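Structure first, commentary second.
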Amino acid sequence: MNRIPDKPSLDGLEATWRARWADEGTYRFDRSKERAEVFSIDTPPPTVSGTLHPGHVCSFTHTDFVARYQRMRGREVFYPMGWDDNGLNVERRVQLLTGTRCDPSLPYDPDFHPPEKVRSGDRPVPVSRPNFVALCGEVVEQLEQAYFDLWSDLGLSVDWSYTYRTIGPEATRTSQRALLRLLARDLAYRSEAPTLWDVDFRTAVAQAELADREIPGAYHKLRFTGPDGDDLWIDTTRPELLPACVAVVAHPDDERFQPLFGREVTTPLFGARVPLVAHELADPEKGTGAAMICTFGDTTDVTWWRELALGLRTVVQRDGRLRPVTWGEPGWESADPAAAQAAYDELAGKTVRQAQARIVELLVDAGAMDGEPRPITHPVKFWENGSRPLEIVTSHQWFIRYPDKKAMLARGEELAWWPDFMRVRYENWVNGLQGDWNITRQRFFGVPFPAWYPVDASGVVDYLSPILADDASLPVDPTTVAPPGYDEGQRDRPGGFVADPDVMDTWATSSLTPQIVAGWTDDPDLFARTFPMDMRPQAHEIIRTWLFYTIVRSHYEHDALPWANAAISGFVVDPDRKKLSKSKGNAADDPIALIARHGADAVRYWAAGARPGLDLALEEGQMKIGRKLAIKLLNASRFALGLDATTAGTVTEPLDRSMLAALANVVEESTAAFERYDYARALERTESFFWSFCDDYLELVKNRAYGSAGEAGQASARTALGLALVTLQGLFAPFLAFVSEEVWSWWQEGSVHRSPWPDADALRAAAEADATAADQPDPAVLTLVAGALREVRKAKSEASRSMRADVTSARVTDTPDRLALVARAADDLRSAGRIETLDLVEGEAGAVWVVLAPE
RNA sequence: GGGCGCGUAGCUCAGUUGGCUAGAGCGCUGCCCUUACAAGGCAGAUGUCGGGGGUUCGACUCCCUCCGCGCCCACCA
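Quick note: to get my numbering, add 14 to the position in the first sequence (first position is 1).
In structure tokens form, the structure reads like this:
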């Protein structure tokens with residue numbers, strides 16, 4: 015007891031306990047435990063390229079609530095952390111931060127230093143690939159540190175010894191091995207295919223990273239020439255792709271075009287003869303009912319091109335400009351090659367935007383356009399972080415086949431979703447899948463493909479016949495290691511090999527986080543103890559990516575779900591319900607500052623207010639309440655312990671039995687809520703009990719605990735206080751991690767975070783100890799007596815009297831059964847209210863008459 | 001266009017299978033230096049439960065419909 019401070023305070027608690035937890039290994043994972051005893055968490059590795067914001071605090075704290083709960087429930091919690099530090103977003107961030115741009119054609123410069131100061135208008139400095147990768151590595155380390163600091167401030171109960179990086183050797187080995195195994199089973203393949211392409215970042219992007227944006231465009235009505243020489247008008251928003259036109263399409267049931275199907279029409283300006291084909295995706299209602307098919311204007315073009323087996327005329331190249339083309343050559347036939355060439359030469363080398371402006375002039379001059387362009391706004395596909403619309407280019411890419419939809423939907427059924435309605439998003443996504451998963455990025459800082467390509471004697475590279483690395487050689491970087499059977503001297507030489515120049519999409523690695531963190535490639539023993547994992551916490555926005563892809567990989571590799579539960583958290587939003595914008599970055603949004611201002615427990619309390627899957631408003635007011643709660647727990651604990659609270663005695667007083675019975679119900683509800691991943695409710699139940707415990711029970715029992723009613727009553731009070739305190743401290747521990755540990759340390763051994771979760775049955779047994787039939791614990795005793803006490807206080811308050819004012823007499827009127835309950839604790843009521851004469855009178859409703867003693 | 005979620009006091013939110021005068025905290029008002037807590041405590045006021053129908057003895061809770069907000073998805077000529 016002498017460990018209780020005179021004047022308890024939150025100051026310094028966080029630093030003290032953070033250090034103690036680290037020293038004592040409070041959260042260390044005990045890997046001697048078997049799978050059934052383990053609760054393993056597939057931590058979301060934060061994308062270190064992002065800016066720290068309150069959303070991170072919220073969702074990561076939610077995971078910590080569950081981790082702490084499960085640990086107290088007796089599970090050995092495997093709670094690692096990872097850093098997602100590879101990928102396009104990291105490169106973007108590094109480019110912006112360092113004022114550089116990777117140019118793979120440059121040689122390595124050992125003396126390279128990035129610009130000292132970076133201003134937003136400056137031209138980026140070109141650097142070689144090895145320099146750029148090294149730069150990324152440095153920047154990433156700083157970024158990780160910022161996240162580590164935040165998690166540490168927040169008190170996440172992570173075992174840092176299992177920290178991984180998605181660019182690290184284990185992650186690389188896992189990614190490469192998993193790909194090789196898929197290739198061996200023909201579940202992954204290499205192919206040249208039309209691919210969505212970001213012309214600014216010059217890389218392919220996957221379906222999951224697309225975002226539609228409404229942007230202005232315009233219909234242009236172009237005059238094609240029909241088979242019989244008559245006009246055929248076609249609306250298009252992309253006239254600059256006219257040279258890439260390979261067909262005209264209309265709906266098979268559209269009577270206007272029935273006679274024309276199978277015949278040829280001629281494009282304006284270029285005089286190319288293209289077939290008029292029928293396909294159901296053509297919408298008779300749109301434009302003139304006939305559309306031109308270009309290679310490629312959008313994904314529908316790709317579908318048409320593939321399903322109708324059309325020819326290929328690509329004009330947009332990887333930098334977003336039109337490439338040079340020679341009309342009249344095979345594939346570029348024209349009725350008038352010279353005229354076509356003249357027109358095309360006006361476009362070649364221009365960006366699609368510039369080309370559009372020019373071709374409109376040419377079309378108008380040629381009388382091939384009807385009227386002015388008609389402005390519209392329409393949805394166009396962007397890379398979610400990009401600034402220009404995606405183009406579609408054909409290139410060599412690695413793909414993973416998707417399993418059939420039925421199997422994927424079955425996995426979605428098998429998984430427990432918290433909240434359940436999030437399953438629908440997954441099903442939506444699965445049902446809308448198209449094509450296969452392109453895992454290739456034409457970028458630099460990422461996991462390389464374990465592959466090379468043979469170069470024939472004439473120097474031609476066969477990009478479709480990769481030479482694959484041996485499993486034993488992983489992780490491998492093909493740009494620095496020669497493939498099996500070759501030596502380094504043959505690199506980039508005729509008869510030799512070239513390295514695969516690309517890197518994996520970040521999701522190709524992130525989809526393997528369970529395998530990476532559980533030690534699939536490097537630690538089979540750990541893997542057996544932790545996989546399949548118990549819980550995947552994540553945000554709903556990446557169900558289509560992270561969650562879906564992870565299920566795909568596990569389905570293939572292990573024929574199992576990667577985890578049993580998916581706990582989906584919402585966003586943090588402004589109080590005005592808008593999504594918190596990352597760009598704002600005002601002081602109020604800095605999570606480190608929030609913690610400094612209000613304390614970690616206060617911020618954790620705020621985070622606990624989010625119902626699973628629902629958005630949470632950023633409200634500092636909530637943090638203030640959390641801080642108040644933490645202080646209250648400090649004071650109430652000190653008070654109860656000052657009264658010699660103990661867990662050792664026996665409870666005999668009806669009021670004490672009642673309080674413990676009510677508390678047992680709280681434990682039950684809180685536990686049930688946690689099992690549903692509804693930490694918000696778990697806290698709410700505990701919190702509301704706790705406040706009434708302080709306001710009512712402590713007031714009622716105070717005098718008896720001091721000894722006013724003799725030793726037996728005092729002993730019962732002390733025991734009830736002790737049992738309540740140990741229970742409440744436990745219930746609060748997952749949320750108010752620091753202050754709970756502090757008050758626990760005043761009178762208990764070990765860490766509250768390693769103590770058993772409160773047990774409702776044990777509490778009930780204690781409440782019932784030696785109780786006679788007439789004195790069975792009933793929560794209503796406390797409720798009714800507290801209600802009566804409230805009336806007494808109200809009378810004093812309304813009379814502007816002190817709470818210490820004496821009451822000459824009080825009369826409680828109620829039904830006989832309720833009066834009987836009040837009677838059980840009448841002495842406590844009289845004492846707490848300072849009531850001289852207390853009458854219990856049978857009557858209709860619950861009413862209390864109070865006569866105050868004269869001042 | 002399809003789907004999901006949300007709409008309860010000025011604010012942030014509870015309200016678990018339909019049931020007693022709809023709750024909490026913040027904010028607001030008043031009172032109290034009470035021997036745990038004055039960066040506190042006690043007490044008080046405040047709501048056509050988004051609108052309109054319907055089922056029912058009874059609906060914040062179930063059904064239909066409309067409105068608003070948010071998110072996810074969508075083949076975008």
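Ideal Cβ positions, reconstructed from N, Cα and C, are used throughout, including at glycine. Nothing here was measured: the structure is a model prediction, and the numbers come from that model.
- In this structure, residue 195 and residue 488 do not form a Cβ contact; the two beta carbons are roughly 11 Å apart against a cut-off of 8 Å.
- Contact annotation: residue 585 and residue 113 have beta-carbon atoms that are not nearer than 9 Å.
- For residue 850, the enclosing beta strand (DSSP E) starts and ends at 849–856.
- Collapsing the DSSP output to three states places residue 209 in a strand.
- In the three-state reduction of the DSSP assignment, residue 172 falls in the coil class.
- Contact annotation, residue 228 with residue 391: C-beta distance approximately 5 Å; criterion of less than 8 Å satisfied.
- Annotated three-state conformation of residue 178 is strand, per DSSP.
- Taking a contact to require three or more Cβ pairs closer than 8 Å, the stretch 507–525 and the stretch 95–106 qualify as touching.
- In the pairwise beta carbon analysis, the stretch 148–159 is classified as touching the stretch 54–66: at least three pairs are separated by under 8 Å.
- Taking C-beta atoms as the reference points, residue 363 and residue 354 fail to come closer than 9 Å.
- The C-alpha of residue 320 lies about 11 Å from the C-alpha of residue 307.
- Residues of the same chain with a CB within less than 7 Å of the CB of residue 621, apart from the 5 flanking positions on each side, are 71, 72, 75 and 76 in chain order.
- Under the DSSP assignment, residue 28 falls in the alpha helix (DSSP H) whose first and last residues are 27–38.
- Within the same chain, and ignoring the five residues on either side of residue 415 in sequence, the residues whose Cβ sits closer than 6 Å to its Cβ are 201 and 450.
- Taking the Cα of residue 643 as reference, the smallest distance to any Cα among 91, 743 and 42 is reached at 743.
- When the Cα atoms are used, residue 718 and residue 649 turn out to be separated by approximately 19 Å.
- Rounded to whole angstroms, the gap between the alpha carbons of residue 645 and residue 752 is 11 Å.
- Counting of Cβ neighbours within 10 angstroms places residue 400 among the buried residues, the total reaching 16 or more.
- Residue pairing by DSSP places residue 466 opposite 481 and 513 in a beta bridge.
- Rounded to whole angstroms, the separation of the alpha carbons of residue 43 and residue 764 is 17 Å.
- Here the alpha carbon of residue 389 sits roughly 9 Å from the alpha carbon of residue 251.
- Apart from sequence neighbours up to five positions away, the residues of its chain that approach residue 623 with a beta-carbon distance below 7 Å are 630, 636 and 694, ordered along the chain.
- Assigned with DSSP and collapsed to three states, residue 552 falls in strand.
- Rounded to whole angstroms, residue 868 and residue 813 show a C-alpha spacing of 11 Å.
- Counting of Cβ neighbours within 10 angstroms places residue 442 among the exposed residues, the total staying below 16.
- Less than 9 Å divides the Cβ of residue 497 from the Cβ of residue 481.
- Beta-bridge partners of residue 226 (DSSP): 395.
- The closest CA to that of residue 296, considering only 652, 324, 263 and 317, is found on 263.
- Only exposed fits residue 333, as fewer than 16 other CB atoms lie within 10 angstroms of its CB.
- In the displayed model, residue 547 falls within a strand according to three-state DSSP.
- Residue 24 and residue 651 have their C-alpha atoms some 13 Å from each other.
- For the pair residue 329 and residue 530, the Cα-to-Cα distance works out to about 42 Å.
- The Cβ neighbour count for residue 145, taken over all protein chains shown within 10 Å, is at least 16; the residue is labelled buried.
- Here residue 271 really is in contact with residue 290; their C-beta atoms are around 7 Å apart, less than 8 Å.
- In the DSSP assignment, residue 341 forms no beta bridge with any residue.
- Residue ranges of uninterrupted alpha helix (DSSP H) with 4 or more members, entirely inside the stretch 324–373 and ordered along the chain, are 351–359.
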